[in-house]
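Note that the protein sequences, when read in sequence, are chains E and W.
Under my numbering, the residues of the first sequence are numbered 1 to 397, in order.
Under my numbering, the residues of the second sequence are numbered 398 to 794, in order.
Here's the structure we're looking at; comments come further down.
2 protein chains.
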Amino acid sequence: MISEKMKPLVQNNSAIRAMFEEGTKMKAIYGEDNVYDFSLGNPNVPAPKEVKEAIFDILEHEDPVKVHGYMNNAGFPETRKAIADSLNRRFGTKFHAENLIMTVGAGSGLNIALKTVLNPGDEVITFAPYFVEYGAYVRNYDGNLVVVSPDTETFQPNLAEFEKRLTSRTRAVIINTPHNPTGVIYSEETLKKLAAILEKKQKENGSPIFLISDEPYRELAYDGAVVPYVTKYYANTIVGYSYSKSLSLPGERIGYILIPDELEDSENVIAAATIANRVSGAVNAPSLMQLVIARCVDCKCDVGYYERNRNALYGGLKEMGFDCVKPQGAFYLWIKSPVPDEKEFVAKAKEQHILVVPGSSFAGPGYVRASYCVSYETIERSMPAFRKLAEFYGLKG
Amino acid sequence: MISEKMKPLVQNNSAIRAMFEEGTKMKAIYGEDNVYDFSLGNPNVPAPKEVKEAIFDILEHEDPVKVHGYMNNAGFPETRKAIADSLNRRFGTKFHAENLIMTVGAGSGLNIALKTVLNPGDEVITFAPYFVEYGAYVRNYDGNLVVVSPDTETFQPNLAEFEKRLTSRTRAVIINTPHNPTGVIYSEETLKKLAAILEKKQKENGSPIFLISDEPYRELAYDGAVVPYVTKYYANTIVGYSYSKSLSLPGERIGYILIPDELEDSENVIAAATIANRVSGAVNAPSLMQLVIARCVDCKCDVGYYERNRNALYGGLKEMGFDCVKPQGAFYLWIKSPVPDEKEFVAKAKEQHILVVPGSSFAGPGYVRASYCVSYETIERSMPAFRKLAEFYGLKG
């Protein structure tokens, strides 16, 4: 009854979802407080109070036909201008409203970017470990995802292998910084090298290679870390952004893609992406939330909460002897499995009521992902359980 | 720079949009009140007050992490249950929450339905005149749209031709009732005949043919007209719905698809459609609006406003001698052009500051569409201009 393309997706329906359901069961048996669920990447910090205030103010003072109505498929001009102005203030860029297309979250934004540029058989490169949905997004447009294996020293992109994987069919590269699932921020040095490789290859190919930068975690950076703005390093960049994390609005599906003037033939690409937004059926990003963004463009959820969680979880696990990547941003901890098959580790953790996701779900076997968008108390309570795991594996803190 | 699939879409970027821009220019020159813009299908009646009340109540009393958060990709269980219960009360159906998948409007819902069932090369039949985006939606999944020519007597589907256009590759049929652009409601008799033809053909093919019923105008029906519920007539039906018109929330992108238990292998199809919602990048329908729907499921905007407009515009034009289809629902008047080339008529109307859309934009040449989701005063003020047109063409009222 269902299409051939959907069949494998139904069969593999995400290990994360299966774990979610098992987690629900375990909580019913052992009690909510006695299960340490680090499996889901759902923001647990509430939206900043400015969001609620903005909604009330908009509903009280603006015309409901406008607030809930259609607008240009790219979004309300005032929202797009507010975002451009904010980016320009923060990153010294020179964007204007027309560079922005408001989208139904970053997920829809990435799809629109890919729909705009991909032809069947085109290759899209990404770096393992990676958010598995990229594979589905690329296949939506009959592209082929090419995965570069990780640099397990730094978890910065493995540029030596990357250079070898570029071909005449390479049409786009997807990066994600701050990174899910490792928490790494791509350094300025990385971006410069990546850009140089791309410049060289697109010259050789005589056709553009798009760098798609998926940045829903941009505002979640710790220790004052700077997340370099990718358009500054490479002209053919398309940025995908979402307010899911910065304003804790994941269910509202509000984000944008940014296509800078520097991108080759940018006007035409912007026009096509705007139409892609429409014909995808999304039509436009949700209208009330667009108006909220115009008023809350520089607001943030309590990022300090996540940073405290990071310190507690990373610090605690390091002390016990676990080998993990220190997260610079996002809300994930990437832990090296003490045994080669990380699924064995995941199962052992489950015996201690700890739920983490096997790295294989991100093309990163041998590791597990722990999401620390949980209550601080969950992290505190999980420490004895992690300690038992450390003892079981004979780790030395 | 852009994909081959997007190129024709950019080239043809909708006559409606071009007209919209021309309308804006004309209004700047002649003044808002002196241009009679019937070109756009944007609801102009505000959302019912219950929507605002619901938003305030939700933000005051519910947990913001839930309100703005992720939920099952199919939507909040309480929203889906409220809708199922409402449909059951009104139509005597037996739906339950699991039959419903909340979507980013009907546009995204139709895309998800098509993504779920279409294989490349599959044929999808629809009836002219039709909402042109159907063509783009079908091509998104490499299907071919097959268009049945209109029955210009009744504008009910031309079933004699339909039967001939069914092939072994027919995978789906899209209907739209109440209908854009004619305002016709498909009668029970039509649906029964259509179902019988489909039953016969899918038996012959040995594979299912899906009837996709696009129903964003269901609540906009006049003179107490009943819009038959399509799942009652044909088991392999998927309903696409949107609150864009019934609650005047077009910008919010909130709707659903309904896959009844009677549909063959429905559980698998529902599972696939839920995943299609996710991998399309939409992920889920906007969360706050889902909670609004749970509370406003039986509310309606002021449909009487549109009915009064219909009476004024249809009545006025009939009296002047224009030949038009009496709208039973939706907010469009389908007017026969007094000259064979309706674009000539559209240009002549523009001289009178009347903006209407050529029927060719809906595969219905020889007609024009006038949207009466405008202020009543616009209709009143437009009457002398229409009268001049009638005189020019020598129509006899």
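Cβ atoms here follow ideal geometry from the backbone N, Cα and C, with glycine treated the same way.
Cβ contact (3+ pairs, closer than 8 Å) linking the region 161-176 of chain E and the region 114-126 of chain E
yes
Among N13/E, V226/E, R80/E, whose alpha-carbon lies nearest the alpha-carbon of R295/E?
R80/E
Coarse secondary structure for I185/E, derived from DSSP in three states
coil
Using the three-state DSSP reduction, which class does G637/W fall into: helix, strand or coil?
strand
Residues in the same chain with beta-carbon distance under 7 Å from L191/E, minus the five sequence neighbours each way, listed in chain order, please.
P228, V230, Y233
Hey, out of A481/W, G603/W, V689/W, whose CA is closest to A451/W's CA?
V689/W
Do you know whose CA, among N674/W, D611/W, V448/W, lies nearest T500/W's CA?
N674/W
Which value, in whole angstroms, describes the spacing of the CA atoms of H576/W and G438/W?
12 Å
Taking R766/W as part of the beta strand (DSSP E), name the residues at either end of that continuous run.
764-768
Cα-Cα separation between Q408/W and A494/W, rounded to whole angstroms:
42 Å
What did DSSP end up calling A618/W once you bin it into helix, strand or coil?
strand
For R369/E versus Y332/E, is the C-beta spacing smaller than 9 Å?
yes
Using the beta-carbon count (16 or more within 10 Å), is N555/W buried or exposed?
buried
Looking at the unbroken beta strand (DSSP E) that takes in Y653/W, where does it start and where does it end?
652-655
Considering only C-alpha positions, which residue in the set T237/E, V65/E, N309/E is nearest to L198/E?
T237/E
What residues from chain E crowd round H493/W, counting only those whose CB sits closer than 9 Å?
None at all; the shortest Cβ gap to chain E is about 20 Å.
Could one say the Cβ of Y116/E lies closer than 9 Å to chain W's Cβ atoms, at least one of them?
Checking the sequence shown, residue 116/E turns out to be Thr, not Tyr. Chain W, which has a Cβ nearer than 9 Å to the Cβ of T116/E, makes this yes.
If we ignore side chains and look at the alpha-carbon of each, how far apart do P461/W and P46/E end up?
6 Å
Specify the secondary structure class of E550/W as computed by DSSP and reduced to three states.
coil
What would DSSP say about E520/W, mapped onto helix, strand or coil?
strand
Inspect the CB distances between the region 674-686 of chain W and the region 248-257 of chain E and report whether three or more fall short of 8 Å.
yes
If the cut is a Cβ gap below 8 Å, which residues of chain W does N13/E touch?
A668, I672
Under 7 Å Cβ to Cβ from E344/E, same chain only, skipping five residues before and after it: list those, please.
none
Coil, strand or helix - Y527/W by DSSP:
coil
Quick check on this structure: which residue in N44/E, M383/E, G31/E has the alpha carbon closest to the alpha carbon of L249/E?
N44/E
Could you give the DSSP three-state label for L484/W: helix, strand or coil?
helix
Would you tell me roughly how many angstroms separate the C-alpha atoms of M780/W and G121/E, rounded to the nearest one?
56 Å
Could one say the Cβ of R253/E lies closer than 9 Å to chain W's Cβ atoms, at least one of them?
yes
Determine, for H61/E, whether the minimum Cβ-Cβ distance to residues of chain W falls below 9 Å.
no
Locate the alpha helix (DSSP H) running through R278/E, then write down its first and last residues.
266-279
If we call anything under 9 Å between Cβ atoms a contact, is I270/E one with N73/E?
no
Run through chain W and tell me which residues come within less than 7 Å of E4/E, C-beta to C-beta.
N516
Any chance the region 602-616 of chain W sits against the region 541-559 of chain W, with 3 or more Cβ pairs inside 8 Å?
no
Thinking just about the alpha-carbon of each residue, which of E50/E, F56/E, K49/E is nearest to the one in K449/W?
F56/E
Return the first residue and the last residue of the alpha helix (DSSP H) that T564/W is part of.
Here T564/W belongs to no alpha helix (DSSP H), and DSSP marks it neither H nor E.
Chain W partners of I55/E, CB-CB under 9 Å?
I452, F453, L456, L685
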